[in-house]
Amino acid sequence: MPHSPRLDRLKDRATPAQRAGWWLWREWCFARAVARRLAWRAGLLAAVLLSGGLLVRTLESREVPLVEAVYGTWTLVFAQPPGPFPAHPALRAMYFVMPLLGLTVIIETLVGMAEMVRDRRRMERTWCTTMAQSLNDHIVLVGLGRLGFRTFTLLRRLGERVVVIESDPHNQFLEEVRGEGSPLLIGDARNDRVLEDANIARAKAVVLATNNDLANLEVALDARRMAPKIRVVLRMFDQNMADKVSQGFNIHIAMSQSAISAPAFATAAIEPSIVSGTVVDDRLVVMQRWTLREGDGLAGRTVGEVLAERRVGVVELRAAGAAGAAALFPPPQTRLAAGDAVLVQGPYETLASLRSP
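All residue numbers for the sequence shown refer to this note's numbering, where the first residue is 16 and numbers rise by one.
What follows is the structure, given as structure tokens:
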């Protein structure tokens, strides 16, 4: 899927230090996940050493401190006897068994660690859950279709931490999320356990971007039940239903794809110079590019005068004949002149009247 040029030009707010910190945090979470997965092996080795130490302390003819007995068992694991061959039959048997038992546990632990480090995908769920549980004020994104992936890309460029939930293990955008390093949970968000793994209780917002209206609504209600103050952004295809859901269930934002797309389709058909459009209180507000000319209502006025008199905002300005990047949100005292290239925003009717001869 090609990226929007406007999205690609969006400034990434994360500094190199922040990106380095994010990478270190991810690796720390992975190390914690590895330690959690290998905890039972470490516990087994500790139990073997402690049992051997207690056996030595109990059956040895001389008084042996427990620490010394455990250390002697540890050296015995590597076939390094701590002293002369013992007289007690049980200790003699331990001298033969302990190297086999101890080395088996150690080698299995090392092999398991190497496999997990080499193939992180095998423990992705544990690792991503660990990362999600470490977050606070993050955003949970449910659904990684085209809309969901574009939303994820934009949120990450804005420096937000995002936990992604996707039900399809073969989704085409999964590798993009994995490569970026954000927590990714494969599962059905309608399952409370999946939302808990995403740390929904400490999230500041949940974005529901699947193509199933009922599933989006169900997850929205579950998220509100588990985190009453969370901000819910809900995608619905039926705008009438979206309006009712927003009012009846106190959902902060409920948007239908048709309501989002309709202004873009309409404005593209009207005028190719219109960059984008949206509907605000039943009025079509657009952003449009044009080159100023004498008599169009803008040339000769300052940016502040255009806003005060014409109710039109100048978003971007490239002075006639100027080289380099255009000025974004020029100062109010900047005077516009014929030949300037501008990006203006305002009601469609107002812009149309300004451009008419």
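Heads up, the beta-carbon is just placed ideally off N, CA and C, and yes, glycines get one too.
By the 16-neighbour rule on beta-carbons within 10 angstroms, Asn151 is exposed. Within a 10 Å sphere around the beta-carbon of Val295 sit fewer than 16 other beta-carbons, which makes this residue exposed. One thing to note: Gly68 has its Cβ no nearer than 7 Å to the Cβ of Leu60.
Sequence-distant Cβ neighbours of Gly312 in its own chain, meaning closer than 6 Å and more than five residues away, are Leu369. Val79 places its beta carbon 7 Å or farther from that of Met113. By alpha-carbon distance to Val301, the top candidate from Pro362, Ala353, Ala352 and Pro99 is Pro362. Listed in chain order, the non-local C-beta contacts of Val85 below 6 Å within the same chain comprise Leu64 and Gly68, local neighbours out to five positions each way being set aside. With contacts defined by Cβ atoms closer than 7 Å, Ser149 and Val177 do not form a contacting pair.
For the set Arg52, Leu156, Asp228 and Asp212, the Cα lying nearest the Cα of Arg246 is the one of Leu156. Contact annotation: Ile215 and Met241 have beta-carbon atoms nearer than 7 Å.
Of the other Cβ atoms in all chains shown, 16 or more fall within 10 Å of the Cβ of Phe164; this residue is therefore buried. Going by C-alpha positions, Arg72 is about 10 Å away from Leu106. Fewer than three pairs of CB atoms, one per stretch, sit closer than 8 Å, so the stretch 185–196 makes no contact with the stretch 206–223. Scanning Pro104, Gly98 and Glu123 for the CA closest to the CA of Leu53 turns up Glu123. As DSSP reads the structure, Met302 sits in a beta bridge with Ser291 and Gln360. Pairing Leu223 with Arg250 gives a Cβ-Cβ distance under 7 Å. Setting aside the 5 residues that flank it on each side, Pro97 is surrounded in the same chain by Gly87 and Thr90, each with a C-beta closer than 6 Å to its C-beta; the list follows chain order. Thr225 is the residue among Trp142, Thr225 and Thr145 whose C-alpha sits nearest the C-alpha of Arg161.
Under the DSSP assignment, Ala337 falls outside any alpha helix (DSSP H); it carries neither an H nor an E label.
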